[in-house]
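Take a look at the structure below.
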Amino acid sequence: MAILRLVARRLLSSIPLLFLVSALTFVLVSLVPGDPARTIVGQHATVEQYEAVRQQLGLDDALPVQYGHWLARVFHGDLGSSLFSGEAVTDVLGSRVPVSLSLITVGTLVSGLLGVALGLMSARRGGFLVKVVDGLSLIGLAVPAFWFALVLIAVGAVKLRWFPVTGYVPLADDPGEWARSLVLPVLSLSLSAVAIIAKQTRDAVLDTFGRDFIRVMEANGFSRRSILYRHVLRNAALPVVTVLGVVLVSLLAASVFVETVFAMPGLGSLTQQATVQHDIPVIQGAVLYITGFVVIVNLLVDLAYGRLDPRMRTS
Numbered sequence: 060m061a062i063l064r065l066v067a068r069r070l071l072s073s074i075p076l077l078f079l080v081s082a083l084t085f086v087l088v089s090l091v092p093g094d095p096a097r098t099i100v101g102q103h104a105t106v107e108q109y110e111a112v113r114q115q116l117g118l119d120d121a122l123p124v125q126y127g128h129w130l131a132r133v134f135h136g137d138l139g140s141s142l143f144s145g146e147a148v149t150d151v152l153g154s155r156v157p158v159s160l161s162l163i164t165v166g167t168l169v170s171g172l173l174g175v176a177l178g179l180m181s182a183r184r185g186g187f188l189v190k191v192v193d194g195l196s197l198i199g200l201a202v203p204a205f206w207f208a209l210v211l212i213a214v215g216a217v218k219l220r221w222f223p224v225t226g227y228v229p230l231a232d233d234p235g236e237w238a239r240s241l242v243l244p245v246l247s248l249s250l251s252a253v254a255i256i257a258k259q260t261r262d263a264v265l266d267t268f269g270r271d272f273i274r275v276m277e278a279n280g281f282s283r284r285s286i287l288y289r290h291v292l293r294n295a296a297l298p299v300v301t302v303l304g305v306v307l308v309s310l311l312a313a314s315v316f317v318e319t320v321f322a323m324p325g326l327g328s329l330t331q332q333a334t335v336q337h338d339i340p341v342i343q344g345a346v347l348y349i350t351g352f353v354v355i356v357n358l359l360v361d362l363a364y365g366r367l368d369p370r371m372r373t374s
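Offset between the sequence shown (1-based) and my numbering: plus 59.
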């Protein structure tokens, strides 16, 4: 019951957030230079044609009125239609979400597994591995994902020809090609994430090893390996879970650039394209999806906290 109350409380508290984010997005997009009506009719259209398109798209209305119309449709489950293709926004987003979801999910798994493994190794052995983790952390924070993506394309796709340069193959079509199409984008996303998770894991493990109850166990003859896997990992998991949640959201932000570089038809590249075109319904729908994803990630982090620390369940 405590978990159900937590889920209900988090979902209810996310409703004002969705309203606030959608309103801010609507205002910010309106401030971006550009006119979708002019883009649709072209530079050589007559004034009458231009005004007719603006009226058809509802762009003549005041900004609060436009937002009110959009909000009313959302309450009925309608995110509107693209100003350029006329396709329903839900259909446009539905075709893009699996691409971004595959990229972010695989990227998170790779980052988490490699980061935790590297952090545990450096905590247990120390020495050179500590310097490796610190060096990777500096490189990961300093190197942008899109720059690393270009390097991977030049080496792994152009020179070695091991992986495709661009594009995406759905999992249902060919699992092998799906995996190959994700290797370079996932590596591009995971560089900084692996380094950050590894450093956080190492610091959390070493901090837990320095606590009094661990010293008592070591004095009573428990092996360091047994202490690590039975007690230290559980206590060190809380800060690592926090970092994993932050990394998951940061991967979503970085996927905009990675999808653009690798020409992947995902949610990030769609948002970038819609912003350039000033396609407000598509932008609003994409932001709504992304905000919902962030809410779900935060909810999963809270549930993981409750699982790892029983005190969180009663707080």
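By construction, the Cβ of each residue, glycine as well, lies at the ideal position given by its N, Cα and C atoms.
Excluding sequence positions up to five before and after V151, its CB lies within less than 8 Å of the CB of S141, S144, L329, V341 and G344, all in the same chain and listed in chain order.
Checking the DSSP bridge columns, you'll see A295 has no partner listed. According to the DSSP assignment, A254 belongs to the alpha helix (DSSP H) that extends over P234 to F268.
The continuous alpha helix (DSSP H) containing I99 extends over residues P95 to V100. Proximity of the segment 276-294 to the segment 122-139 falls short of the contact definition, fewer than three beta-carbon pairs being nearer than 8 Å. Counting along the chain, A231 sits inside no alpha helix (DSSP H), nor does DSSP assign it H or E at all. Nearest Cα to V228 within the set F78, N357, I286 and V242: V242. Beta-bridge analysis with DSSP links A147 to S140. For the alpha helix (DSSP H) assignment, the uninterrupted runs of no fewer than 4 residues enclosed by the segment 293-355 are, from N- to C-terminal side, 326-336. In its chain, beyond the 5 residues on either side, S73 have a beta carbon closer than 6 Å to the beta carbon of V354. For G153, same chain residues with a beta-carbon under 7 Å away, outside a window of 5 residues either side, do not exist. Under the 10 Å beta carbon count, Q259 is surrounded by 16 or more other beta carbons and is classified as buried.
DSSP, read as helix, strand or coil, puts W221 in coil. Cβ-Cβ distances below 6 Å link A313 to A204 and L248 in the same chain, with the five nearest sequence neighbours on each side left out; the list follows chain order. Counting other Cβ atoms within 10 Å of its Cβ, S285 stays below 16 and is therefore classed as exposed. Per DSSP, A104 lies in no alpha helix (DSSP H) segment and is marked neither H nor E. For the set L173, G101 and L307, the Cα lying nearest the Cα of Q336 is the one of G101.
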